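Residue numbering for the sequence shown follows UniProt numbering, beginning at 1 and increasing consecutively. Just so you know, even glycine gets a beta-carbon here, dropped at the ideal spot from N, CA and C. Quantities reported herein were computed from a predicted structural model and do not represent experimental measurements.
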Amino acid sequence: MKRWRADPTEENFWGVVLAYAGVKFKTYSGLPFTYEVRKGRSGEYTKELWIDRREKSKSLAWSSVLLALKNIKGEVVDRPKALGDIRGVTYIYGMFYRFGLIDVPDKVKEKMGRPKDRKK
1 MKRWRADPTE ENFWGVVLAY AGVKFKTYSG LPFTYEVRKG RSGEYTKELW IDRREKSKSL
61 AWSSVLLALK NIKGEVVDRP KALGDIRGVT YIYGMFYRFG LIDVPDKVKE KMGRPKDRKK
C-alpha cells in the first residue's frame, strides 16, 4: 500500500491486489470471502480475480475493480452501489475497506469488522 499511496499507478495498485490474494475479507453484509489471481499459459498473472465465497468461484474482472476505484468520491462510502453499478461491487467494497481506500458507516463496521490500524 505504501508504494501505491506514494505513486498511485495502476501497476502499483495491481501489486496491492496481488499482495492481498488469499486474505479473508467480508462483504457489506458480513459474509466472508477470499480471492485468488491465477496465472495464464504464459506464466503471467491474468487480470481476473477469482472470488471464493462458496463452493463455486466467481470471476471478477480487473476493469471492474479499476472502474470502482475511479468512482470513490469521499472517504466514507455508505454502500457498495455508491461505487457504481458494477458486477461484483459487493466484493470490491470489502476489498477497498480492507485496503484502507474507503471508510464505511459504523453500523457496517459491526458486520465487516474493523481493519487493523492503518498507516496512511
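Taken atom to atom, the span from the alpha-carbon of Asn12 to that of Gly100 is near 15 Å. By alpha-carbon distance to Arg54, the top candidate from Pro105, Asp103, Thr34 is Thr34. Annotation for Ser59: the continuous beta strand (DSSP E) segment containing it runs 57 to 61. Per the DSSP secondary-structure output, Ile51 pairs in a beta bridge with Tyr35, Lys58. In the three-state reduction of the DSSP assignment, Lys26 falls in the strand class. By the Cβ neighbour-count rule, Ser64 is buried, with 16 or more other Cβ atoms within 10 Å of its own. By a beta-carbon distance limit of 8 Å, Gly84 contacts Ala68. Their separation comes to about 6 Å. Out of Lys2, Ile51, Ile102, the CA that lies nearest to the CA of Asn71 is found in Ile102.
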